[in-house]
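**Student:** Here's a structure for you.
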Amino acid sequence: MSDLSCIAPTLSIARLSDQFIVQRASIEDLPTVLEIYNQSIPGKQATANLAVVTIDERAAWFAEHLNSQTRPIYVVKTLASSENTTSKSPTVVAWGSFSDLYARTAYHISTEISIYLHQEYHGQGLGSLLTRWMLTQAPSLGIQNVVALIFAHNQPSLGLFYKLGFEQWGYMPKVCDMQGFIADVVMLGLAVASDDSDNNSETL
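Going by this note's numbering, the sequence shown opens with residue 43, and the numbers climb by one from there.
If you want it as structure tokens, here you go:
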């Protein structure tokens with residue numbers, strides 16, 4: 043875990059809705075981020091990983107994102123309800139990241155987006171809420187193109203991204219051995235307007 047020893051603290055918080063806030067991830071969020079990610083593995087719809095990922099395996103990946111000015115991880119947390127107020131900090135219920143599409147320098151204007159929700163928050167519109175908000179952040183990160191790589195059999199995710207204006211930029215047939223079936227992968231893309239306007243979310 044030494045990779046995480048020099049991470050800068052989390053900065054601003056934005057309100058996604060009356061129920062959720064979003065902010066850059068901090069060191070303490072890694073266990074919950076991995077818990078949510080690992081929940082997606084058995085369903086074989088959201089990731090090509092077939093085995094549970096450990097904190098040690100993801101420490102370097104997490105540190106790289108936390109130290110990056112242009113490839114952040116964002117976490118969504120629930121706001122404490124009035125009848126349920128405790129001293130505990132809000133719970134992480136979803137996360138999203140921007141990652142290098144390719145490592146070559148010239149690809150810096152393009153990024154891959156990933157979104158993962160806690161299993162108890164599926165089907166509530168949170169995926170759309172987080173994705174829309176992340177797209178508003180992209181121009182300030184120097185991102186001009188956002189790419190989503192989605193399994194062709196993951197119809198809910200494909201529907202979400204198509205609804206948000208993404209178009210099919212590529213199709214890779216039979217590229218993943220999911221141990222039980224062979225999966226196709228769809229590349230969806232969206233060119234993000236490069237303007238200098240601030241995002242429309244409310245900063246706390």
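C-beta atoms are modelled at their ideal positions from N, C-alpha and C, and glycine is treated no differently.
Alpha carbons only, please: which of Val75, Ile151, Val134, Ala136 is nearest the one belonging to Asp142?
**Tutor:** Ile151
**Student:** Would you tell me roughly how many angstroms separate the C-alpha atoms of Asn187 and Ile83, rounded to the nearest one?
**Tutor:** 27 Å
**Student:** Compare the Cα-Cα distances from Glu209 to each of Gln81, Ser182, Leu230, Asp98 and report the closest residue.
**Tutor:** Leu230
**Student:** Using the rule of at least 16 other Cβ atoms within 10 Å of the residue's Cβ for burial, across every protein chain shown, is Lys205 buried or exposed?
**Tutor:** exposed
**Student:** Is Gln161 close to chain C, meaning its C-beta is less than 8 Å from at least one C-beta of that chain?
**Tutor:** Reference to chain C is not applicable here, since this structure consists of a single protein chain.
**Student:** Going by the beta-carbon positions, is the gap between Gly201 and Met176 smaller than 8 Å?
**Tutor:** In terms of Cβ geometry, Gly201 and Met176 do not form a close pair [threshold 8 Å].
**Student:** Candidates Ala67, Thr173, Cys218: which alpha carbon is nearest Ser110's?
**Tutor:** Ala67
**Student:** Counting along the chain, where does the beta strand (DSSP E) carrying Ile55 start and finish?
**Tutor:** 55 to 57
**Student:** Quick check on the burial criterion: 16 or more other C-beta atoms within 10 angstroms. Buried or exposed for Gly184?
**Tutor:** exposed
**Student:** Using alpha carbons as the reference points, say which of Pro114, Thr112, Thr133, Ile115 lies closest to Leu121.
**Tutor:** Thr133
**Student:** Counting only the same chain and skipping the five closest in sequence on each side, list residues whose C-beta sits under 8 Å from that of Asn126.
**Tutor:** Low per-residue confidence applies at Asn126: pLDDT is 44, beneath 50, and the placement is therefore not dependable, though the value from the model is reported in the following sentence. Here the set comprises nothing.
**Student:** Tell me whether Val117 is buried or exposed, calling it buried when 16 or more other Cβ atoms sit within 10 Å of its Cβ.
**Tutor:** buried
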